[in-house]
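Just so we're aligned, residue 1 is where the sequence shown starts under our numbering, counting upward by one. What follows is a short report on a single structure.
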Amino acid sequence: MENNNGTIVSLKDIVVEFDGEKILKSINLDIKDKEFVTLLGPSGCGKTTTLRIIGGFLNADSGDVYFAGERINDVPPHKRNVNTVFQRYALFPHLNVYDNIAFGLKLKKMPPNEIRNKVKEMLKLVNLEGYERRSVAKLSGGQQQRVAIARALVNQPKVLLLDEPLGALDLKLRKEMQIELKRIQQSLEITFIYVTHDQEEALTMSDTVVVMKDGNIMQVGTPVDIYNEPVNAFVADFIGESNIISGMMRRDFLVEFAGKEFECVDMGFDRNEIVDVVIRPEDIEIVPTIQGQIEGVVESVIFKGVHYEMVIDTLDFKWLVHSTKCEEVGTNVGMKVAPMDIHIMHKSTEE
């Protein structure tokens, strides 16, 4: 029986300790059925530990794990309706592609013709038709990855856990596999819980992103929410590049930073509260100095293909700016920012 709100996995107050150090600090998380959810954060933030708790490979020191409304703390991994794809694929090198994918079905004593049909269906899903008899040792990294995904999915789990599965692939292949994984998840309509430290990967693939730091969940939201409305400076800095400068909230809708007052769209802060001001590099417009709210000198310019990346020095702060217009190094320029592109945050206590 599934929960009324469509939640398939629920973590309640999960605490994990290793050698007296808390790896997960009372994690609470609800994951909805048929969603692509990504756990995102730097190394050591607890994202793989969270995945292992869901999979049953690790027991929490306290807290509960629920699957479709039922508590599964004591249910072993093989009895959970969950399968895992690891970064190292863990394929059987002595078996060919067909036998690797069929392995779990044979353990279940499924009739051979049913196994054949299911493996065929999976090979089609991961674009490996005709590879049945191929030795997995002779496959490329991307092909091995597809076999690992097919082997996990052939058992028809309700939830697929993926622990940095694209980490070993080159950039072009990673991008292709990101699109493939999203396509597979949507066509099968099952829940994917994906672990990565790659922000772009998380933003590209996910319905929901869970940003983690030091065993805590910082923010949960859609990729658009997390990019445009980060809750603190850590999230803003981790999800894409940001200019983060100290400022003071004079009153609702008015903030002071860089020695000037700016209109903004934020409210509810204390008068004269010291805040973090976050401005994305692509939200800064380069204008003649006379039209600028802030003036500075172009310190460096790098061509990035779609835009130029410039560092503009204003003596008290170096601004990162992405613009399709290129300014010469040493030029004085003005910078303008619209009120809606100025994001105000409480000073982060999470340091």
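Just so you know, even glycine gets a beta-carbon here, dropped at the ideal spot from N, CA and C. Please read all numbers here as calculations on a predicted model, not as lab measurements.
Helix, strand or coil, according to DSSP, for Ile-190 in the structure here?
Residue numbering aside, residue 190 sits at position 190 when the sequence shown is read from its first letter. Correct three-state label for Ile-190: coil.
Could you tell me whether the Cβ atoms of Val-15 and Val-97 are closer together than 8 angstroms?
In the sequence shown, residue 15 corresponds to position 15, counting from 1. In the sequence shown, residue 97 corresponds to position 97, counting from 1. No, the Cβ-Cβ distance between Val-15 and Val-97 is not below 8 angstroms.
Return the first residue and the last residue of the alpha helix (DSSP H) that Gly-215 is part of.
The residue you call residue 215 lines up with position 215 of the sequence shown. From DSSP, Gly-215 is part of no alpha helix (DSSP H); its letter is neither H nor E.
If you follow the alpha helix (DSSP H) that Leu-203 is in, where does it begin and where does it stop?
Stepping through the sequence shown from its first residue, residue 203 is reached at position 203. Leu-203 -> alpha helix (DSSP H) spans 199–205.
What would DSSP say about Tyr-227, mapped onto helix, strand or coil?
What you label residue 227 is simply residue 227 of the sequence shown in a count that begins at 1. It is helical.
What does the alpha-carbon distance come out to for the pair Asn-4 and Gly-69?
Residue mapping note: residue 4 aligns to position 4 of the sequence shown, counting from 1. Residue mapping note: residue 69 aligns to position 69 of the sequence shown, counting from 1. With a pLDDT of only 49 at Asn-4, under 50, the local geometry of the prediction cannot be trusted, and no value is derived from it.
Let me know the secondary structure DSSP gives Asp-237 once reduced to three states.
For this step, residue 237 is matched to residue 237 along the sequence shown. Correct three-state label for Asp-237: helix.
Whole angstroms are fine: how far does the CA of Ala-152 sit from the CA of Lys-158?
As a working note, residue 158 is residue 158 in the sequence shown. As a working note, residue 152 is residue 152 in the sequence shown. Lys-158 and Ala-152 have their C-alpha atoms roughly 11 angstroms apart.
One or two residues paired with Leu-362 in a DSSP bridge
Residue 362 is absent from the structure shown; the chain starts at 1 and stops at 351.
Answer yes if the stretch 187–195 comes into contact with the stretch 23–41, meaning at least three C-beta pairs across the two stretches below 8 angstroms, and no otherwise.
yes
Own chain, CB closer than 7 angstroms to Glu-351, minus 5 neighbours either side, in chain order
The residue labelled residue 351 in the question sits at position 351 within the sequence shown. With a pLDDT of 42 at Glu-351, under the threshold of 50, the predicted position of this residue should be treated as unreliable, though the coordinate-derived value follows. Around Glu-351: no qualifying Cβ.
Here's the rule I'm using: 16 or more other beta-carbon atoms within 10 Å means buried, otherwise exposed. How should Val-209 be labelled?
Sequence index remark: in the sequence shown, residue 209 carries index 209 (1-based). Flag for Val-209 reads buried.
For Met-1, which residues in the same chain have their Cβ closer than 6 angstroms to its Cβ, ignoring the five residues on either side in sequence?
Locating residue 1 in the sequence shown gives position 1, where the first residue counts as 1. With a pLDDT of 38 at Met-1, under the threshold of 50, the predicted position of this residue should be treated as unreliable, and no value is reported.
For Arg-174, the nearest candidate out of Pro-77, Gln-156, Gln-143 (CA to CA)
The residue labelled residue 174 in the question sits at position 174 within the sequence shown. Checked all of Pro-77, Gln-156, Gln-143; the closest Cα to Arg-174 is Gln-143.
Could you pull the start and end residues of the alpha helix (DSSP H) that Asn-332 belongs to?
Locating residue 332 in the sequence shown gives position 332, counting from the first residue. From DSSP, Asn-332 is part of no alpha helix (DSSP H) but of the beta strand (DSSP E) over 332–336.
DSSP-derived helix/strand/coil call for Lys-47:
Numbered from its first residue, the sequence shown carries residue 47 at position 47. In the structure shown, Lys-47 sits in a helix (DSSP, three-state: H, G or I).
So, with DSSP's three-state summary, where would you put Gln-219?
Counting from one through the sequence shown, the residue named residue 219 turns up at place 219. Here Gln-219 sits in strand by DSSP.
Among Phe-103, Asn-332, Pro-77, Asp-237, the one whose alpha carbon lies nearest that of Arg-42
In the sequence shown, the residue the question calls residue 42 occupies position 42. Checking the displayed sequence, the identity of residue 42 turns out to be Pro instead of Arg. For Pro-42, the closest C-alpha among the options Phe-103, Asn-332, Pro-77, Asp-237 is that of Asp-237.
Which of the three DSSP states, helix, strand or coil, is assigned to His-94?
For this step, residue 94 is matched to residue 94 along the sequence shown. Looking at His-94 - three-state DSSP - the assignment turns out to be coil, as it is neither helix nor strand.
Nearest candidate by alpha-carbon position, reference Leu-315, set Gly-305, Val-297, Ile-217, Thr-331
Sequence index remark: in the sequence shown, residue 315 carries index 315 (1-based). Nearest option by C-alpha distance: Val-297.
Per-residue burial, Gln-291 [other beta carbons within 10 Å of its own, 16 or more giving buried]:
On the sequence shown, residue 291 is found 291 positions in, with the first residue counted as 1. When all chains shown are included, Gln-291 counts as exposed.
Straight-line CA distance for Met-212 to Pro-111?
Along the sequence shown, one-based indexing puts residue 212 at 212. Along the sequence shown, one-based indexing puts residue 111 at 111. Cα-Cα distance, rounded: 44 angstroms.
Among Gly-46, Gln-293, Val-231, Lys-106, whose alpha-carbon lies nearest the alpha-carbon of Ile-344?
Within the sequence shown, residue 344 is the residue found at index 344, counting from 1. Closest option to Ile-344, judged by alpha-carbon separation, among Gly-46, Gln-293, Val-231, Lys-106: Val-231.
Cβ neighbour criterion (16 or more within 10 Å) applied to Cys-326:
Mapped onto the sequence shown, residue 326 falls at position 326. Cys-326 is exposed by the Cβ-count criterion.
So the alpha helix (DSSP H) Met-122 belongs to, where does it begin and stop?
Within the sequence shown, the letter at position 122 stands for residue 122. First-last of the alpha helix (DSSP H) with Met-122: 112–125.
Out of Leu-161, Phe-234, Val-154, Met-248, which has the shortest C-alpha to C-alpha gap to Leu-123?
Mapped onto the sequence shown, residue 123 falls at position 123. It is Val-154 whose Cα lies nearest to the Cα of Leu-123.
My understanding is that Gly-56 touches Pro-77, with C-beta atoms under 8 angstroms, so please give their C-beta distance in whole angstroms.
Along the sequence shown, one-based indexing puts residue 56 at 56. Along the sequence shown, one-based indexing puts residue 77 at 77. Contact flag correct, Cβ pair sits at about 4 angstroms.
Taking the alpha-carbon of Gln-186 as reference, which of Asp-207, Phe-103, Lys-336, Gly-167 has the nearest alpha-carbon?
Within the sequence shown, numbered from 1, the residue matching residue 186 stands at position 186. When only C-alpha atoms are compared, the closest one is Asp-207.
By the three-class DSSP mapping on this structure, what secondary structure does Val-147 have?
For this step, residue 147 is matched to residue 147 along the sequence shown. Helix.
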